[in-house]
Structure formats: structure tokens, C-alpha cells
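Report on the following structure.
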Amino acid sequence: MINKGETITNTTREKIALLEEEHDIELSTTQKILLSLKGPVTTILDVLYGSMNLFVLDQHLEEADENISELIDIDEGATIYHREVIVHKNGRPLVYAKSYIPTSRCSDKVIKDLHQSHLTTGSIMEKNNIETLRLINEISIEEPNELLKELFHTNELMITRRYVMVHHKKPVIWTEEKYPISYFRED
99 MINKGETITN TTREKIALLE EEHDIELSTT QKILLSLKGP VTTILDVLYG SMNLFVLDQH
159 LEEADENISE LIDIDEGATI YHREVIVHKN GRPLVYAKSY IPTSRCSDKV IKDLHQSHLT
219 TGSIMEKNNI ETLRLINEIS IEEPNELLKE LFHTNELMIT RRYVMVHHKK PVIWTEEKYP
279 ISYFRED
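Right, here's the structure in full:
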């Protein structure tokens, strides 16, 4: 008998295998772990490379457009917290992340923590003892946009994962993470 956790793991493994096949590449073990991770990416990076830092590129409140409302199952026009960050080590960018957070599903304490530039969304959930399930929606390899080219000083393809954190059966955070395909190649 297969339980829910095994199905999710197999699906993620299958997505990674398809990604490798489509792009005729072999991802490193570290890259596969980062793509399939169910917890904060900074936790694994801290273990592998030492203490990580966070730099907030942008954070503001905005109204959910049609696309965002579909991503986090919220009414169009609802207030969301838009956040873009870089996880870095000694000033070297390692992972770019963009998140949408519906404010109506957050406590005042979580909103306050979002304003602290040193905390990732995952660490905010942990700090506030909010148990979440991460559902990986998509993994892909994509062309970098101008911002990513500038941040990472490269034109190379980006490994991307998009996932949603769910709490009490409702999406509380949608996140997109990206990093250059050459990153985390060592095993």
C-alpha cells in the first residue's frame, strides 16, 4: 500500500527524471535535494555551506491579480504580501526567491516577522510554530530574466521550483526559487 507521502516523493522524483531527460543533463545530488525539499532551503544550505544570510530585494503589499489569486486560491483584489529575496553566503547570491503571502491568512506576528529582513518565509513559519505542508507544483529549467542575469552575473539557465505552503488546507505562501544551473554541482 502506498501512502500519501510516498506518492508525493515518487512524483517529485519522476519530475526530476523528466527534467533531466528533457534537457539531457544529470543533476547533482544536492540539486535534486534542493528541488525535492519539503522544508526551508536555507536549512540544507546552512548544513552544506555554513551560515546563510538573507537580503531582501523588495517587499510590499499589493492586490492579487488574476494569476496570483489562482496561485494561492484567494479572491482577486485581496491584499497579499509580495516578497523577493536573495539567500547569500558572504555576499555571493545562491538562491533567488519570490513569494506571495495572503495577509488574511497570517497573524499579526507573522506579518511583523515578514518585515524583518533576516528571516526567510520558512523560518518565520518555524519560529511561529506553524506547521505547513509544502506541495511542489513545478520544477523546470528556464532562461533567466534581466534581474536574474544582473543578480547572478550570468546568462546561464536557471533551475526553478515553484511550491505552495499549505496550513489548515489553505495556501499560506506561494514561492518560486531560482538559481543558476551550474550551482550546487558538487557531490
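Heads up: the sequence shown begins at 99 in our numbering, then just goes up one per residue. Using N, Cα and C, we set each Cβ at its ideal position, and we do this for glycine too.
- Give the range of the beta strand (DSSP E) segment to which Ile-234 is assigned. 231 to 240
- Item | Endpoints, alpha helix (DSSP H) assigned at Asn-165 | First-last of the alpha helix (DSSP H) with Asn-165: 164 to 169.
- Whole-angstrom distance between Thr-218 and Glu-229, CA atom to CA atom: Cα-Cα distance, rounded: 15 Å.
- Could you check where the alpha helix (DSSP H) with Met-223 kicks off and where it finishes? 219 to 225
- Item | Rounded separation between Lys-225 and Glu-112 - CA only | 32 Å
- Message: For a quick check, are the C-beta atoms of Ile-234 and Leu-255 less than 8 Å apart?
- Response: no
- Exposure label - Thr-177; buried when at least 16 CB within 10 Å: exposed
- Task: Please name the residue, chosen from Val-262, Ser-197, Asp-144, that lies closest to Asn-188 on a Cα-to-Cα basis.
- Result: Asp-144
- Task: Report yes if the C-beta distance between Leu-155 and Glu-182 is below 8 Å; otherwise report no.
- Result: In this structure, Glu-182 lies closer than 8 Å to Leu-155 by Cβ.
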